[in-house]
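One structure is given below, encoded as structure tokens.
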Amino acid sequence: MYTVQMEKECACFKKSEYKNNMSFETQKDAYNYAQIVTEFMNEEFCNQHIFS
1 MYTVQMEKEC
11 ACFKKSEYKN
21 NMSFETQKDA
31 YNYAQIVTEF
41 MNEEFCNQHI
51 FS
């Protein structure tokens, strides 16, 4: 089991549809989810932070 954890949740993340501590069966699925969420946060959130 692999978990994607957001270290610090900004207000934009808390308001979004994304959840913290998402679990996945495979490392590839967890990595893909993390990449997609990171890209979304950098493009759509308030731009006060840069996510990586």
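Mind the numbering: the sequence shown is residues 1 to 52 in the working numbering, read in order.
Ideal placement from N, C-alpha and C gives every residue a C-beta, glycine not left out.
Remember, predicted model here, so these are calculated numbers, not experimental data.
Simplified DSSP state of Met41, which is helix, strand or coil: DSSP places Met41 in helix when its eight states are reduced to three.
Counting only the same chain and skipping the five closest in sequence on each side, list residues whose C-beta sits under 7 angstroms from that of Thr38. Excluding positions up to five away in sequence, the list reads Phe51, Ser52.
Reduced DSSP secondary structure (H/G/I, E/B, other) of Tyr18: Correct three-state label for Tyr18: coil.
Check the C-beta distance from Met1 over to Glu25 and give it rounded, since I have them as a contact under 8 angstroms. Contact annotation, Met1 with Glu25: C-beta distance approximately 7 angstroms; criterion of less than 8 angstroms satisfied.
For Val4 and Ala34, the rounded distance between their alpha carbons: Each residue's alpha carbon lies about 7 angstroms from the other.
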